[in-house]
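Counted the way our numbering counts, the sequence shown spans residues 79 to 192.
Following: one structure in structure tokens, then a few remarks.
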Amino acid sequence: MRLSTLGLVLALTCVAGSASAASFDCRKARTADEKAICAERSLNDKDVRMDVLYGVNKRTLAMGGRGALMDQQRDWLRDRRACGGNKACLNRAYDRRLGDLEKSMERIYSNGPF
């Protein structure tokens, strides 16, 4: 079961990454951070990967963990918005969030969601 979950996450990440579409509609991007993500392929790819990992974490965690994850995501989105169009800041924000989500997945693989 553990390997099949890991395979699913990797497959979803690859498929989502190849789609080259941010986790939001770039045609409706209004804020500086959203516009920078839509304009920069590497940020766009990180956004898609983050969205996939966040979704898998959210569906896999037990109820108490889901609420904490959602709070962390809201905090992270606020921090990302504070970066504005600064690509270096956005890259650091995504790298930190991706690391946090990957660590969470490792804990789920090790301990299970229950």
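Backbone N, C-alpha and C fix where the C-beta goes; we use that ideal spot for every residue, glycine too.
Note that the coordinates shown come from a computational prediction; the quantities given were computed from them, not determined experimentally.
Next on the checklist: Quick check: Gly162 and Ala117, are their CB atoms within less than 9 Å of each other?
Outcome noted: Residue mapping note: residue 162 aligns to position 84 of the sequence shown, counting from 1. Residue mapping note: residue 117 aligns to position 39 of the sequence shown, counting from 1. Their beta carbons are not under 9 Å apart, which means Gly162 does not touch Ala117 by this criterion.
Item to check | Local conformation of Ser188 per DSSP, three classes | outcome: Locating residue 188 in the sequence shown gives position 110, counting from the first residue. Three-state DSSP puts Ser188 in a helix.
Checklist entry - Can you name the start and end residues of the alpha helix (DSSP H) that Leu139 belongs to? => result For this step, residue 139 is matched to residue 61 along the sequence shown. Counting along the chain, Leu139 falls outside any alpha helix (DSSP H), and DSSP gives it neither H nor E.
Next on the checklist: How far does the alpha helix (DSSP H) with Ala42 in it extend, from its first residue to its last?
Outcome noted: Since the displayed the chain opens at 79 and closes at 192, residue 42 lies outside it and no answer follows.
Item to check | Length of the line joining the Cα atoms of Asp178 and Arg105 | outcome: For this step, residue 178 is matched to residue 100 along the sequence shown. For this step, residue 105 is matched to residue 27 along the sequence shown. The straight-line gap from Cα to Cα measures roughly 29 Å.
Next on the checklist: Buried or exposed, going by whether 16 or more other CB atoms sit within 10 Å of the CB of Lys124?
Outcome noted: Within the sequence shown, the letter at position 46 stands for residue 124. By the neighbour-count rule (16 or more Cβ atoms within 10 Å), Lys124 is buried.
Item to check | Span separating the alpha-carbon of Asn127 from that of Leu176 | outcome: The residue you call residue 127 lines up with position 49 of the sequence shown. The residue you call residue 176 lines up with position 98 of the sequence shown. Note on identity: in this sequence residue 127 is Arg, with Asn being the wrong assignment. Here the C-alpha atom of Arg127 lies approximately 8 Å from the C-alpha atom of Leu176.
Next on the checklist: Between the alpha carbons of Ala114 and Thr138, how many angstroms are there, rounded?
Outcome noted: Here residue 114 corresponds to residue number 36 of the sequence shown, with the count starting at 1. Here residue 138 corresponds to residue number 60 of the sequence shown, with the count starting at 1. Cα-Cα distance, rounded: 31 Å.
Checklist entry - Which term fits Asn189, buried or exposed, when burial requires 16 or more other beta carbons within 10 angstroms of its beta carbon? => result Translated into positions along the sequence shown, residue 189 becomes position 111. By the 16-neighbour rule on beta-carbons within 10 angstroms, Asn189 is exposed.
Item to check | Chain-order list of residues whose beta-carbon lies under 7 Å from that of Asp157 (same chain, five-residue window excluded) | outcome: Numbered from its first residue, the sequence shown carries residue 157 at position 79. Cβ within range, chain order: Ala171.
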